[in-house]
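Enquirer:
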Amino acid sequence: MKSSGGKSRGGAVRKGRKGAQVGSGGNGRRALEGKGPTPKAEDREYHVAHKAKVLRERAAAKQAGRG
1 MKSSGGKSRG
11 GAVRKGRKGA
21 QVGSGGNGRR
31 ALEGKGPTPK
41 AEDREYHVAH
51 KAKVLRERAA
61 AKQAGRG
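Residue numbers for the sequence shown, in full-length UniProt numbering: 1 to 67.
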């Protein structure tokens, strides 16, 4: 008689995999290291705040150039 809860027996039990991940190039280890503080939004080139800052600086440069 089978039990009603899923498989009646599990598959073969493998030994645990520990050590370097194959093909990772050592990146798995680096991922655990601290990457330093997050830069301010204005310092990140891809962020909206950075783009707004650049526009502000351009506008200020135009104002200074007049006169």
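Where a beta carbon is used, it is the ideal one built from N, C-alpha and C, also for glycine.
1) What are the start and end residues of the alpha helix (DSSP H) that includes Leu-55?
2) Would DSSP call Glu-45 helix, strand or coil?
3) Consult DSSP for Gly-23 and reduce its assignment to one of helix, strand or coil.
Expert: Quick look at the numbers:
1) Here residue 55 refers to the residue found at position 55 of the sequence shown. That run of the alpha helix (DSSP H) goes 48-65.
2) On the sequence shown, residue 45 is found 45 positions in, with the first residue counted as 1. Note: Glu-45 maps to coil in three-state DSSP.
3) Here the question's residue 23 lines up with position 23 in the sequence shown. Reduced to three states, the DSSP call for Gly-23 is coil.
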